Amino acid sequence: MRLVAVTAFALAVALAIFTAPCLAADVGFEKIEIADGAEPPLTVGIWYPTDAPASEHASGNHTQTVALDAPVVGDGLRLIVMSHGGGGSYDSHYDTALALAHAGFVAAAVSHAGDTYDDQTHVLEPWRRTAQLHRLADFMLNEWSGHAHLDETRIGAFGFSNGGFTVLVAAGATPDLSAIAPYCRAHAEHDLCQALQHAGVDPDRAAHAPAGAWVHDPRIKAAVIAAPAFGFAFGRAGLSDVRIPIQLWRAADDHHQPHPYYDEAVRMNLPRAPEYHVVAHAGHYDFLPPCDARLSRKMPALCTSQPGFDRSAFHDEFNAATVRFFQTELR
Numbered sequence: 277m278r279l280v281a282v283t284a285f286a287l288a289v290a291l292a293i294f295t296a297p298c299l300a301a302d303v304g305f306e307k308i309e310i311a312d313g314a315e316p317p318l319t320v321g322i323w324y325p326t327d328a329p330a331s332e333h334a335s336g337n338h339t340q341t342v343a344l345d346a347p348v349v350g351d352g353l354r355l356i357v358m359s360h361g362g363g364g365s366y367d368s369h370y371d372t373a374l375a376l377a378h379a380g381f382v383a384a385a386v387s388h389a390g391d392t393y394d395d396q397t398h399v400l401e402p403w404r405r406t407a408q409l410h411r412l413a414d415f416m417l418n419e420w421s422g423h424a425h426l427d428e429t430r431i432g433a434f435g436f437s438n439g440g441f442t443v444l445v446a447a448g449a450t451p452d453l454s455a456i457a458p459y460c461r462a463h464a465e466h467d468l469c470q471a472l473q474h475a476g477v478d479p480d481r482a483a484h485a486p487a488g489a490w491v492h493d494p495r496i497k498a499a500v501i502a503a504p505a506f507g508f509a510f511g512r513a514g515l516s517d518v519r520i521p522i523q524l525w526r527a528a529d530d531h532h533q534p535h536p537y538y539d540e541a542v543r544m545n546l547p548r549a550p551e552y553h554v555v556a557h558a559g560h561y562d563f564l565p566p567c568d569a570r571l572s573r574k575m576p577a578l579c580t581s582q583p584g585f586d587r588s589a590f591h592d593e594f595n596a597a598t599v600r601f602f603q604t605e606l607r
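The sequence shown begins at 277 in the working numbering and counts up one residue at a time.
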């Protein structure tokens, strides 16, 4: 009996070794432009496992250690599509994308044309974002040079702020933007309402999505969402079709999207309770990667954390939790 047990244990260990994912040594990276119908091309960043040697390269306001345009390693790889916050770009969450790629995922992020740091022409048309995220998934699964390495049945999504809103819609939510006007009448001092006022925008006129504008994507099977924008605009009915597993993050000291109108409004109304994390002493922009000294001088509002809050240490935990969630939910 003891011999049988030992043999069975050895067989189990061997099976675990042979069935465990084989992680590549480094991370490959591509920055490309993809066609988007009659719209201008979309800028996309793609991080993926590779065995090519990596080195430091500048990426926007950051430096990352990657192998540029290297071959993809692995098969049946899980895809995570990523959506940045308002005024961001494809590399706004490059550290999370790197962590995912190191863990054997492919992470693809799109710069949302019309709502980037250098293009705010369509910032009050958030339905454009959902169509762009859908286009990104289409491209990755059908046109990307490495698409044969992907498992089209295991797709996740990551989104922050406006990107969190975008991912919720992709996951099945339908917002009611007409809720913005009464919200701002009740909370004129809140950042969203101040921004609309400073831009000379009437919320009643800006909050009308075209018929059929909200693009849902049933290919997405799990989502990580941090500080979702316009949380109050969903309600229970608007979130009723979001059935996938959600990991939801809130910064405890988020003055940009104050509690309980954003994250809590989503958490309370999801039909399936999310995995919920509240980050003590964190502000809204602490979900962005740590800044170097140059970027801190250039963009202090995005880079300054509360005294005593270690953004680097938090991102180690945040990225690890993101990877674990997708590893569990996209098995």
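Using N, Cα and C, we set each Cβ at its ideal position, and we do this for glycine too. Only a predicted model underlies this, so the values are computations on that prediction, with no experimental measurement involved.
A311 has its alpha-carbon roughly 40 Å from the corresponding atom of D586. Between L606 and the set I322, R461, R354, T319, the nearest pair of CA atoms involves R354. For the options V348, G435, A513, the alpha carbon positioned closest to that of Y366 is the one of G435.
In the structure shown, A311 falls within a strand segment according to DSSP collapsed to helix, strand and coil. In this structure, DSSP gives T392 an extended state, which the three-state scheme calls strand. A509 is classed as buried because its beta carbon has at least 16 other beta carbons within 10 Å across all chains shown.
A residue is called buried once 16 or more other Cβ atoms fall within 10 Å of its Cβ, and P316, having fewer, is exposed.
Residue environment analysis places M416 among the buried positions, since at least 16 neighbouring C-beta atoms fall within 10 angstroms of its C-beta. When the Cα atoms are used, L515 and P547 turn out to be separated by approximately 7 Å. Contact check for H425 and P565: beta-carbon distance about 26 Å, past the 8 Å limit, so the pair fails to qualify.
Taken atom to atom, the span from the alpha-carbon of Q473 to that of Q396 is near 16 Å. Just so you know, the alpha carbons of P402 and S387 end up roughly 13 Å apart. When the Cα atoms are used, R481 and S454 turn out to be separated by approximately 9 Å. If the five residues before and after A328 are omitted, its C-beta is found closer than 8 Å to the C-beta atoms of D302, G304, A343, A346, P347, all from its own chain and listed in chain order. Within the same chain, Cβ atoms closer than 6 Å to the Cβ of E332 are found at T339, T341, the five residues on either side in sequence being excluded. Going by beta carbons, V542 and G507 fall inside the 9 Å limit. Counting other Cβ atoms within 10 Å of its Cβ, R404 reaches 16 or more and is therefore classed as buried. The straight-line gap separating the alpha-carbon atoms of Y552 and Q523 is approximately 6 Å.
For G304, DSSP records a beta bridge to Y324, A343. Under the DSSP definition of a beta bridge, G432 partners with I356, A498. Its Cα nearest to that of E309, the residue R411 stands out among A527, G559, R411. Distance from the CA of G559 to the CA of C460, rounded to the nearest whole angstrom, comes to 22 Å. In the three-state reduction of the DSSP assignment, A377 falls in the helix class.
Here L606 carries a coil assignment [DSSP, helix/strand/coil].
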